[in-house]
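Below is one structure, written out as C-alpha cells; comments come after it.
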Amino acid sequence: MRTRRQRLVTYTTRVFAIGLILFSLLITRGVQPLRAQGGACSDVVKAALQRALQVCSGQRNSACLGSPSAQASPKAGGSAFNFSQPGDTVPLSNLGSLSLSGYSSDSDSLGVALLNVPAALAGTNVGSGATVIVFGNTQITNGSQPGQLPMQAFYLRNSAGAPGCENVAADGILIQSPAGQKKVQLVANGVQLAVGSTVFLSAQANEEENGKAKLNVQTLQGEVSVTVDEQTIEVPSGAQTNVPLNEVNGEYEADGEPEAVQPLDKDEFDDLPLDELPESLDLSELEQEWETESDNIEQGDENTPEPEESIDSTPEPDESLEPTPEDETGTDDSGSHSQGDGSGGDSGGDSGDSGGEGSD
174 MRTRRQRLVT YTTRVFAIGL ILFSLLITRG VQPLRAQGGA CSDVVKAALQ RALQVCSGQR
234 NSACLGSPSA QASPKAGGSA FNFSQPGDTV PLSNLGSLSL SGYSSDSDSL GVALLNVPAA
294 LAGTNVGSGA TVIVFGNTQI TNGSQPGQLP MQAFYLRNSA GAPGCENVAA DGILIQSPAG
354 QKKVQLVANG VQLAVGSTVF LSAQANEEEN GKAKLNVQTL QGEVSVTVDE QTIEVPSGAQ
414 TNVPLNEVNG EYEADGEPEA VQPLDKDEFD DLPLDELPES LDLSELEQEW ETESDNIEQG
474 DENTPEPEES IDSTPEPDES LEPTPEDETG TDDSGSHSQG DGSGGDSGGD SGDSGGEGSD
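The opening position of the sequence shown corresponds to residue 174 in the numbering used here, with each subsequent residue numbered one higher.
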C-alpha cells in the first residue's frame with residue numbers, strides 16, 4: 174500500500190507531464206503562423222507545380238488539372254466536361270476558359286493546370302508543342318480564330334497576388350518551347366510572341382490612378398520576340414519588357430508598343446521547380462548570363478545620349494570691332510568698282526561706235 178508521500182509524488186509527476194504536453198502544443202501552434210508568414214507561399218508554389226508536372230506528364234493537345242481548385246468552361250458550342258480532380262483532362266479544342274485559385278494560407282494550396290499547346294510552325298515533331306503551366310490567381314481564355322491551332326491565341330488576366338507572395342512568381346503562366354525546334358508562335362492579349370525559350374507571362378491591372386494594365390514578358394532562357402503593331406523588340410535571357418493593355422469587351426488587349434527591356438529579378442524565380450520542366454533549367458547556371466545581360470542593359474542606358482538643348486547659331490555682334498579708315502576706304506573702293514563696271518559699259522559703247530565707223 175502506497176504512502177501518502179508516494180501518492181503526492183505520483184500526482185505531481187502527472188500534473189507536470191500534462192503541463193509539459195500542453196506547453197508543447199501551444200508552442201507548436203504558435204510557430205505555425207510564423208512559418209506561414211515566412212516561406213510558406215514559395216513552398217506551396219513549388220510543391221503544387223511539382224505535383225502538376227508529375228500528374229500531367231505526357232499529355233498532348235490538352236489541358237490537365239494539376240492541383241485544385243479550378244473553374245473551367247467549354248468553348249461556345251463545345252461539350253461539357255469534368256475538370257475537378259488532379260489528372261482530369263480536356264482537349265484544348267473544347268476549352269473555352271480556365272480560371273485558377275491563388276495561394277491560400279488556410280489550406281496551403283494553389284491552383285495549377287498544365288497545357289500542351291501544339292506548335293504553330295511546320296517542321297516540328299508530331300505531338301510536340303509548347304508546355305504552358307498556368308498557376309495562381311490566373312484566368313486564361315481561348316482566343317484562337319479559324320486557321321489557328323487551339324490555344325495558339327489566348328487572353329491572360331491576373332488578379333492581385335495573395336499576401337505573403339509579393340516576391341514570388343506565384344500568379345501567371347510559364348511557357349517553354351520544344352528543344353531543338355523553331356520558335357513557337359503564340360498571341361497573348363493581341364501581342365505576337367515568338368517563343369524560343371522559357372518565358373513567364375503575367376497581365377495585371379495597374380494600381381496607380383489612371384494607370385494602364387500591362388503584359389509583363391520575362392525571359393528566363395533563350396529569346397522571345399515581342400511584336401505589337403509591326404514594332405518588334407527582342408527580349409533575351411535575363412531581361413523583361415512590358416506592353417500596355419486596355420480592357421476591351423472584358424479582355425485585356427495590347428494598347429501600345431513594347432517598352433525598353435529591363436533586367437530580371439532572379440529572386441522571384443528561385444523557388445520555382447524549373448529543374449523539373451521538360452527542359453530542365455538551373456538558375457545558378459543562368460546567373461552569369463543574367464548578370465551579363467543586366468550589365469548590357471545598364472550600359473545601354475548610360476550610352477543613350479540625352480537630348481541637347483537648343484543652341485542659337487546666330488553669332489552676336491562683336492562691339493570691340495570698330496570700323497577703321499581702311500574699312501571705309503574699302504567701302505569706297507567697292508563703290509569705285511561699281512563705277513568701273515559702269516565705265517566698262519561705256520567702253521563697250523565706244524567700241525560699238527568705232528565698229529559703226531568701220532562699217533561706214
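We put the beta carbon where it would ideally sit given N, CA and C, even for glycine.
As the structure is a prediction and not an experimental result, all values here were calculated from the model.
Three-state secondary structure assigned by DSSP to residue i
i, result
"F256", "coil"
"A225", "helix"
"Q244", "strand"
"S317", "coil"
"A249", "coil"
"S274", "coil"
"L388", "strand"
"V401", "strand"
"S280", "coil"
"G337", "coil"
"L456", "helix"
"L238", "strand"
"L447", "helix"
"E466", "helix"
"E432", "coil"
"G503", "Confidence in G503 is poor, its pLDDT being 46 and thus under 50, which makes the residue's placement unreliable; the coordinate value appears in the next sentence. Here G503 sits in helix by DSSP."
Reference residue i, options the options, closest by Cα
i, options, result
"A253", "P259, S242 and L265", "L265"
"N310", "E452, E339 and Q365", "E339"
"Q223", "T405, T304, G320 and L447", "L447"
"D428", "D455, P323, A361 and P241", "A361"
"Q391", "Q435, K355, K356 and P417", "Q435"
"V305", "S280, G250, P417 and P351", "P351"
"G411", "E396, D402 and E424", "E396"
"N415", "Q377, L450 and D444", "Q377"
"K219", "K387, D281 and V421", "D281"
"T371", "Q244, A303 and V263", "A303"
"S317", "I346, S375, L273 and K248", "K248"
"L271", "L347, K356, I470 and T314", "T314"
"G284", "P291, M324 and S242", "S242"
"V290", "N469, S246, L359 and D443", "L359"
"K385", "T405, V364, V368 and N419", "N419"
"G269", "D468, G250 and L347", "G250"
"K355", "A292, L347 and A342", "A292"
"G275", "G345, L437 and E430", "G345"
"V263", "E430, M324 and L445", "M324"
"P417", "P409, T400 and K387", "K387"
"E430", "V421, S467 and N389", "N389"
"L437", "T400, P409, S246 and I348", "P409"
Where the beta strand (DSSP E) through residue i begins and ends
i, result
"N539", "A question about residue 539 goes unanswered here, because the residues of the chain that appear run from 174 up to 533."
"E420", "A412 to V421"
"R233", "Neither: R233 is in no beta strand (DSSP E) and is coded neither H nor E."
"V263", "T262 to P264"
"Y425", "E424 to A427"
"E407", "Q404 to P409"
"F327", "A326 to N331"
"V305", "G302 to F308"
Alpha carbon of residue i to alpha carbon of residue j, nearest angstrom
i, j, result
"Q394", "S278", "31 Å"
"E441", "A333", "16 Å"
"A225", "E407", "31 Å"
"D216", "A433", "33 Å"
"Q472", "F373", "25 Å"
"Y328", "S457", "32 Å"
"A326", "S398", "15 Å"
"S235", "P336", "32 Å"
"L454", "G320", "33 Å"
"Q244", "L287", "14 Å"
"L322", "D402", "22 Å"
"G231", "L273", "22 Å"
"C229", "G423", "30 Å"
"D261", "T465", "42 Å"
"V257", "V307", "Strictly speaking, residue 257 in this sequence is Ser, with Val absent from that position. Distance between the alpha carbons of S257 and V307: 15 Å."
"G353", "E452", "11 Å"
"T405", "Q461", "26 Å"
"V368", "N469", "22 Å"
"R233", "R330", "24 Å"
"A221", "P259", "11 Å"
"Y425", "G363", "9 Å"
"Q413", "V341", "16 Å"
"Q227", "W463", "29 Å"
"E449", "G239", "14 Å"
"L366", "N255", "31 Å"
"V357", "A213", "34 Å"
The ligand GTP heavy atom lying under 7 Å from the CB of residue i
i, result
"V368", "With respect to small molecules bound, the structure shown includes none, and the ligand GTP cannot be examined in it."
Checklist line | beta strand (DSSP E) runs contained entirely in the stretch 339-386, provided each spans 3 or more residues | finding: 345-349, 357-361 and 364-377
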